[in-house]
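Peer 1: Chains as they are written, first to last, in my numbering: chain P, 1 to 522; chain U, 523 to 872. Note that the Cβ used here is the ideal one computed from N, Cα and C, for glycine as well. So that we are looking at the same thing, I have put the structure below in structure tokens.
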Amino acid sequence: MFDQLSNKIQDTFRKLTGKAKLSEENMQDALAEIRRALLEADVNFKVVKTFIEQVKQKALGQDVLRGLDPGQQLVKIVHGGLVELLGGQAREIDFSRQKPYVIMVVGLQGTGKTTTCGKLANYLAKKGKKPLLVPCDVYRPAAILQLQTVGAGIDVPVFDSTNLNKPLEIVDRALAQAKKDQQDVLIVDTAGRLHIDDTLMDELKQLKAKLNPSEIFFVADAMTGQDAVTSAGAFHQALELSGVIMTKLDGDARGGAALSISEVTGARLRFVGLGEKVDDFEPFHPDRMAGRILGMGDVLSLVERVQERVDQEEAMALQKKMLENQFTLEDFSKTISQIGKMGDLGGLMGMMPGMGKLKEKMDINKESKQFTTFQAIINSMTPEERQNHAILTNRRKARIAKGSGRQVSEINKMLQQFMQMRQMMSLMTKPGKLGKLRQMFSRAGMGDFAKNMFPGSQYKLPNGMTEEQLEQLAEQNGGQLPPEVIQQLMPGAARPAGHQASRPKKDRKKEKAKRKQGRKRR
Amino acid sequence: MSGKGMFSFFKKKKGEPEAETPAQAVPNPDLSAPEPVQSAPVQSEKKSIFQHIKDGLKKTRNQLGEKIVQLFPGLRKIDESLLEELEEILISTDLGFPTTQMILEKIRKNKGQDLDAVTLKKRLQAEIEAILNQVPRPVIPLDEAPSIFLVVGVNGVGKTTTIGKLAHHWKEQGKRVLICAADTFRAAAREQLEVWSKRAGADIEIKENSNDPAAVVYDALERVKAEKQDILIIDTAGRLHNNPNLMNELAKVKRVITREFPNGPHRVFLILDAITGQNALQQAKQFVEKVGVTDLVITKLDGTAKGGVAVAIANELSLPIQFIGVGEQMDQLLPFDAASFSESLIGGSA
Ligand SMILES: Nc1nc2c(ncn2[C@@H]2O[C@H](COP(=O)(O)OP(=O)(O)OP(=O)(O)O)[C@@H](O)[C@H]2O)c(=O)[nH]1
Ligand SMILES: Nc1nc2c(ncn2[C@@H]2O[C@H](COP(=O)(O)OP(=O)(O)OP(=O)(O)O)[C@@H](O)[C@H]2O)c(=O)[nH]1
Ligand SMILES: [Mg+2]
Ligand SMILES: [Mg+2]
């Protein structure tokens with residue numbers, strides 16, 4: 001799923017390293033990869049065509065920047081192009097335009113309009129606004145009750161449309177009431193409809209004429225395929241959309257429809273929905289979306305989520321322990337619950353570039369399920385056992401099994417996983433699953449990501465070893481590094497800041513160039 | 523549309539009393555939910571059901587001819603440039619990359635041949651139909667006393683609506699149908715299903731204030747035994763396939779069913795929205811793995827989206843499509859017909 005486009009592009013260029021310019025021929029394979037990736041991400045084929053052509057024109061004859069190889073250069077151009085297409089900077093709602101500020105929410109059936117109205121109201125209420133929700137879906141069974149329930153959940157009033165069954169009448173009265181009650185935002189939920197349903201599209205036009213809204217948001221499902229251009233195009237033609245909200249981005253769809261819709265409507269994506277709850281909602285960030293479409297991971301969202309929900313200090317402490325190889329079962333248990341706070345492990349890893357492979361290896365879903373079991377087991381241990389897993393004799397295990405209602409075999413499995421996690425985390429605390437991950441970070445312009453994600457992460461290559469050699473070693477060893485090498489990799493967290501002096505100079509230069517590139521990209 | 527299978531279903535019903543035109547939603551005076559249910563204006567025009575659906579499908583079908591005929595007016599040689607254009611047409615139906623290539627390979631075998639547009643169209647259609655027909659489509663068992671059907675899918679695809687339609691469909695066949703409201707999460711999900719149960723004249727098992735779907739399902743299973751209903755249809759909350767907690771919750775619901783009825787659930791329907799792109803494959807894989815989906819229903823085929831990804835799913839996972847949804851009204855559900863589906867797929871490419 002999250003096959004790494006950048007890696008593939010890299011491969012297509014492998015034979016050409018040293019080439020100083022991008023040319024029609026040397027780009028051909030890479031462009032084909034990009035095309036395929038965009039199509040697989042559900043970007044409309046026409047949009048892909050135009051886009052690839054633009055990328056080609058931009059890239060042709062460009063000198064490959066110092067410190068980059070042709071593949072990186074091209075990825076950079078592609079990423080930049082996507083960000084541009086997706087609308088540059090996210091923009092906020094400008095309330096000075098109208099009072100009450102009217103927002104109409106429209107779209108196809110089931111995309112998440114009603115839910116999004118609630119999220120939007122909640123978002124604005126938190127910013128000190130006084131929104132009024134207006135139910136105009138008089139068709140779908142229990143649609144009005146749905147909006148009322150959503151409104152009640154967030155303490156935002158919903159216009160009482162009892163005895164009114166015409167959307168036009170409803171908005172008429174709602175407008176009057178909003179003025180009277182000094183509500184400063186009106187959020188109008190409309191019924192889902194097909195863009196080819198002329199009668200219902202007319203209804204929207206009439207609503208627009210009556211409301212004179214400042215914003216018309218088109219709610220689109222992230223899973224939408226090729227047809228996104230048709231429906232969004234038709235809605236735009238009828239209503240002149242002012243913005244797009246993309247929902248269900250908590251799924252694993254790449255969301256190429258975002259690109260199609262931007263291209264066909266010119267309307268910007270303004271917000272995204274990341275779950276069913278009212279708080280699962282945030283302003284849109286073109287760079288994140290671009291990364292996601294390319295399969296480079298939604299890294300910034302991840303960082304934010306981690307920062308928001310995880311106790312930073314606790315994370316730091318855990319990390320330090322990992323580095324010092326003092327990670328205990330107690331910490332394991334804490335880590336599990338932190339993962340819980342961040343959402344599921346699979347989603348989390350899916351958001352990280354370079355983690356795709358690792359994710360496959362781990363069989364995340366099974367893992368998540370197991371974590372609950374693990375926690376139960378750890379809870380049944382004595383503090384001493386939690387601090388030192390080495391003392392877990394068979395007799396102790398039998399007791400714990402009884403206490404937690406689990407099998408001894410499950411305890412052994414847990415211990416095995418714990419050891420693995422210890423090892424894996426220690427790898428992850430170096431910026432990147434060795435070279436690859438770090439490369440991914442800097443290539444995706446996430447120079448500082450590793451630092452945020454793994455505070456305090458520093459590492460040093462064992463003498464005379466390259467990252468590639470390390471990687472090979474790990475591969476030969478069933479994906480894990482021999483303990484003695486790990487020891488060498490992290491002789492303690494308290495390494496002085498100047499540790500890099502021990503690395504070859506050439507390496508450092510490369511690093512610096514990469515970091516610079518990362519900063520520029522942002 | 524090859525008037526076969528698909529429309530015979532409707533013809534059969536055409537002569538029936540029009541107590542329920544597709545348009546008129548039944549008002550529910552006895553429902554406490556504040557629900558001024560009303561039909562969309564477009565649907566209150568007095569069209570026959572047949573006409574209605576035909577109109578819906580016509581829009582997409584008309585583009586069919588146009589698009590491929592636009593490719594070439596007379597004869598054209600099968601060469602790489604034609605194949606490239608065909609690739610775009612196939613991709614635009616959401617068939618996906620691998621399935622598109624597979625079909626193009628077959629066409630490529632006839633490289634150098636001269637073809638007219640209609641023949642080419644027919645050939646593509648036949649290839650798609652062949653893929654769909656490879657999948658056995660077992661008859662849905664209605665006489666298991668009770669037959670238990672679990673309905674699953676991601677958010678907003680049309681599960682609840684489809685259940686209303688299915689209940690109606692089987693009620694019409696004289697079955698006693700019980701619907702179970704196991705979406706205990708989404709706002710007003712129960713009330714929505716309640717409206718549908720009234721429309722279809724089916725019974726419904728609801729548990730107010732419960733947030734445990736397995737518990738509601740358990741009650742429904744007990745009730746279906748006690749009341750000797752023929753069919754139990756279980757509505758579940760929409761959930762994304764990559765959410766392990768929610769998928770586990772669903773697996774639990776299934777286990778509860780199997781505990782009470784070892785052969786149940788007799789079918790597990792995955793509902794797919796026709797507008798979904800390649801992610802549908804992921805959805806299908808996960809739902810198959812976690813709850814053993816047995817059949818597909820494609821909804822919202824009255825729009826312009828073609829649902830081509832269903833072909834890829836059929837191909838990769840060998841899941842049969844049993845029904846298609848072609849509107850928001852109770853009788854806008856059709857039994858699947860591979861020929862018509864393939865035709866509208868190729869025809870409707872934008
Ligand atoms: N996972 C996830 N689900 C969402 C999101 N937004 C909405 N949903 C779910 O999608 C389903 C449909 O949402 P609604 O808000 O009812 O959609 P709607 O567009 O109002 O539907 P109609 O009014 O019938 O056209 C519900 O199950 C919501 O909980 C999101 O960002 N993520
Ligand atoms: N045009 C059209 N709309 C449909 C069809 N089937 C369902 N819908 C509409 O799609 C929207 C969502 O339908 P629901 O039945 O609530 O979907 P759901 O899967 O139960 O949604 P959640 O329970 O929130 O996940 C509603 O507005 C339905 O009227 C169809 O075949 N055609
Ligand atoms: Mg709605
Ligand atoms: Mg539902």
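With a threshold of 8 angstroms between beta carbons, is T230 (chain P) in contact with chain U?
Peer 2: As a position in the first sequence, residue 230 (chain P) is number 230, starting the count at 1. Closer than 8 angstroms: yes.
Peer 1: Quick test of your reading: K681 (chain U) and T758 (chain U), contact by CB under 8 angstroms. State the CB separation rounded to the nearest angstrom.
Peer 2: The count along the second sequence starts at 1 and reaches residue 681 (chain U) at position 159. The count along the second sequence starts at 1 and reaches residue 758 (chain U) at position 236. Yes, K681 (chain U) and T758 (chain U) are in contact; Cβ-Cβ is about 7 angstroms, under 8 angstroms.
Peer 1: Taking 8 angstroms as the threshold, find out whether the stretch 268 to 285 of chain P comes into contact with the stretch 102 to 121 of chain P through three or more Cβ pairs.
Peer 2: Because the criterion of three Cβ pairs below 8 angstroms is met, the stretch 268 to 285 of chain P and the stretch 102 to 121 of chain P touch.
Peer 1: When you compare each of U:I779, U:R781, U:Q805 and U:F671 to M769 (chain U) by their alpha carbons, which one comes out closest?
Peer 2: Residue mapping note: residue 769 (chain U) aligns to position 247 of the second sequence, counting from 1. The shortest C-alpha separation from M769 (chain U) is found at U:Q805.
Peer 1: In chain order, what residues of the stretch 666 to 696 of chain U put their CB closer than 9 angstroms to some CB of chain P?
Peer 2: Listed by position, the residues of the stretch 666 to 696 of chain U near chain P (Cβ gap below 9 angstroms) are V676, N677, G678, V679, G680, T682, T683 and G686.
Peer 1: Compare the C-alpha of R630 (chain U) against each of U:I650, U:K599, U:T780 and U:A639 and name the closest.
Peer 2: Position 108 of the second sequence, counted from the first residue, corresponds to residue 630 (chain U). Selected option, being the one with the closest Cα: U:K599.
Peer 1: Which term fits R268 (chain P), buried or exposed, when burial requires 16 or more other beta carbons within 10 angstroms of its beta carbon?
Peer 2: In the first sequence, the residue the question calls residue 268 (chain P) occupies position 268. That one is buried.
Peer 1: Would DSSP call Y101 (chain P) helix, strand or coil?
Peer 2: For the purposes of this step, residue 101 (chain P) is identified with residue 101 of the first sequence, where counting begins at 1. Strand, per DSSP.
Peer 1: When you check each C-beta in the stretch 147 to 168 of chain P against every C-beta of chain U, which residues fall closer than 7 angstroms?
Peer 2: The stretch 147 to 168 of chain P vs chain U, Cβ under 7 angstroms: T149, V150, T162 and N165.
Peer 1: Span of the alpha helix (DSSP H) holding Q526 (chain P)?
Peer 2: One cannot answer for residue 526 (chain P) here, as it falls past the ends of chain P, which runs 1 to 522.
Peer 1: On a Cα-Cα basis, can you pick out the residue from P:P157, P:F235, P:L207 and P:L211 that is closest to A220 (chain P)?
Peer 2: Counting from 1 along the first sequence, the entry for residue 220 (chain P) is found at position 220. Ranking the options by Cα distance to A220 (chain P), first place goes to P:F235.
Peer 1: By how many angstroms is the C-alpha of L715 (chain U) removed from the C-alpha of E744 (chain U)?
Peer 2: Here the question's residue 744 (chain U) lines up with position 222 in the second sequence. Here the question's residue 715 (chain U) lines up with position 193 in the second sequence. For E744 (chain U) and L715 (chain U), the distance between alpha carbons rounds to 20 angstroms.
Peer 1: According to DSSP, simplified to helix, strand and coil, what is S866 (chain U)?
Peer 2: By one-based count along the second sequence, residue 866 (chain U) stands at place 344. Three-state result, S866 (chain U): helix.
Peer 1: How is S161 (chain P) classed by DSSP in three states: helix, strand or coil?
Peer 2: Here residue 161 (chain P) refers to the residue found at position 161 when the first sequence is read from its first residue. Coil at S161 (chain P), not helix or strand.
Peer 1: For I726 (chain U), return the contacting residues in chain P, with the cut-off set at a CB-CB distance below 8 angstroms.
Peer 2: In the second sequence, the residue the question calls residue 726 (chain U) occupies position 204. Going along chain P, no residue has its Cβ under 8 angstroms from I726 (chain U), so there is no contact; the nearest lies around 13 angstroms.
Peer 1: For a test of the three-state rule: what should DSSP assign to S231 (chain P), helix, strand or coil?
Peer 2: Counting from one through the first sequence, the residue named residue 231 (chain P) turns up at place 231. If DSSP states are grouped into helix, strand and coil, S231 (chain P) belongs with the helices.
Peer 1: Based on the DSSP output, what are the partners of A704 (chain U) in its beta bridges?
Peer 2: Reading the second sequence from its first residue, position 182 is the one you call residue 704 (chain U). Bridge partners of A704 (chain U): U:T758.
Peer 1: Please report the straight-line C-alpha distance between F327 (chain P) and A376 (chain P), rounded to a whole angstrom.
Peer 2: On the first sequence, residue 327 (chain P) is found 327 positions in, with the first residue counted as 1. On the first sequence, residue 376 (chain P) is found 376 positions in, with the first residue counted as 1. The alpha-carbon atoms of F327 (chain P) and A376 (chain P) are separated by roughly 19 angstroms.
Peer 1: Does any heavy atom of ligand 3 sit closer than 7 angstroms to the C-beta of D137 (chain P)?
Peer 2: In the first sequence, the residue the question calls residue 137 (chain P) occupies position 137. Within the cutoff, so yes.
Peer 1: With a threshold of 8 angstroms between beta carbons, is P141 (chain P) in contact with chain U?
Peer 2: Taking the first sequence and counting its residues from 1, one reaches residue 141 (chain P) at position 141. With 8 angstroms as the cut-off, P141 (chain P) counts as an interface residue toward chain U.
Peer 1: What residue does the beta strand (DSSP E) around E571 (chain P) start on, and which one ends it?
Peer 2: Lying before the first or after the last residue shown, residue 571 (chain P) is absent from chain P, which here runs from 1 to 522.
Peer 1: With distances taken Cα to Cα, identify the nearest neighbour of L608 (chain U) among U:L597, U:T622 and U:D616.
Peer 2: Within the second sequence, the letter at position 86 stands for residue 608 (chain U). It is U:T622.
Peer 1: If you drop the 5 nearest sequence neighbours on each side, which residues of the same chain put their C-beta closer than 7 angstroms to that of A748 (chain U)?
Peer 2: To locate residue 748 (chain U), count along the second sequence from 1; it is residue 226. Contacts found: none.
Peer 1: Would you please verify whether the beta carbon of N764 (chain U) is less than 8 angstroms from any beta carbon of chain P?
Peer 2: Within the second sequence, residue 764 (chain U) is the residue found at index 242, counting from 1. Answer yes: the Cβ-Cβ gap between N764 (chain U) and chain P drops below 8 angstroms somewhere.
Peer 1: E384 (chain P) to L392 (chain P), Cα distance in whole Å?
Peer 2: In the first sequence, counting from the first residue as 1, residue 384 (chain P) sits at position 384. In the first sequence, counting from the first residue as 1, residue 392 (chain P) sits at position 392. The alpha-carbon atoms of E384 (chain P) and L392 (chain P) are separated by roughly 10 angstroms.
Peer 1: Does K774 (chain U) get closer than 8 angstroms to chain P when you measure Cβ to Cβ?
Peer 2: Translated into the one-based positions of the second sequence, residue 774 (chain U) becomes position 252. Not one chain P Cβ lies under 8 angstroms of K774 (chain U).
Peer 1: So if I threshold CB-CB distances at 8 angstroms, which residues from the stretch 619 to 645 of chain U count as touching chain P?
Peer 2: Result list: F619.
Peer 1: Going straight from the alpha carbon of A860 (chain U) to that of F281 (chain P), what length do you get?
Peer 2: Counting from one through the second sequence, the residue named residue 860 (chain U) turns up at place 338. Counting from one through the first sequence, the residue named residue 281 (chain P) turns up at place 281. The alpha-carbon atoms of A860 (chain U) and F281 (chain P) are separated by roughly 40 angstroms.
Peer 1: Mind listing the chain A neighbours of E838 (chain U)? Cutoff is C-beta to C-beta under 9 angstroms, in chain order.
Peer 2: In summary, chain A is missing from the structure at hand, where the protein chains are P and U.
Peer 1: Can you grab the Cα-Cα spacing for the pair S333 (chain P) / T373 (chain P), in whole Å?
Peer 2: Translated into positions along the first sequence, residue 333 (chain P) becomes position 333. Translated into positions along the first sequence, residue 373 (chain P) becomes position 373. If I take the Cα positions, the gap works out to 11 angstroms.
Peer 1: Taking Cβ positions only, does D42 (chain P) come closer than 8 angstroms to chain U?
Peer 2: Locating residue 42 (chain P) in the first sequence gives position 42, where the first residue counts as 1. Interface residue, yes.
Peer 1: Any beta carbon of chain U sitting closer than 8 angstroms to that of G45 (chain P)?
Peer 2: Against the first sequence, residue 45 (chain P) aligns to sequence position 45. It should be noted that the sequence gives Phe, not Gly, for residue 45 (chain P). It does; some Cβ of chain U falls within 8 angstroms.
Peer 1: Counting contacts by CB-CB distance shorter than 8 angstroms, is S864 (chain U) in contact with chain P?
Peer 2: Indexing the second sequence from 1 puts residue 864 (chain U) at position 342. Not closer than 8 angstroms to any Cβ of chain P, the Cβ of S864 (chain U) fails to qualify, so no.
Peer 1: Taking the Cβ atom as the reference point for each residue, do P135 (chain P) and S161 (chain P) lie within a distance shorter than 8 angstroms?
Peer 2: The residue you call residue 135 (chain P) lines up with position 135 of the first sequence. The residue you call residue 161 (chain P) lines up with position 161 of the first sequence. Contact flag set, yes.
Peer 1: Check whether the Cβ atoms of P668 (chain U) and I753 (chain U) lie closer than 8 angstroms to each other.
Peer 2: Here residue 668 (chain U) is taken as the residue at index 146 of the second sequence, counted from 1. Here residue 753 (chain U) is taken as the residue at index 231 of the second sequence, counted from 1. The answer is yes: Cβ separation under 8 angstroms.
Peer 1: Please list the terminal residues of the continuous alpha helix (DSSP H) segment that includes V813 (chain U).
Peer 2: Position 291 of the second sequence, counted from the first residue, corresponds to residue 813 (chain U). Counting along the chain, the alpha helix (DSSP H) containing V813 (chain U) begins and ends at N801 to V813.
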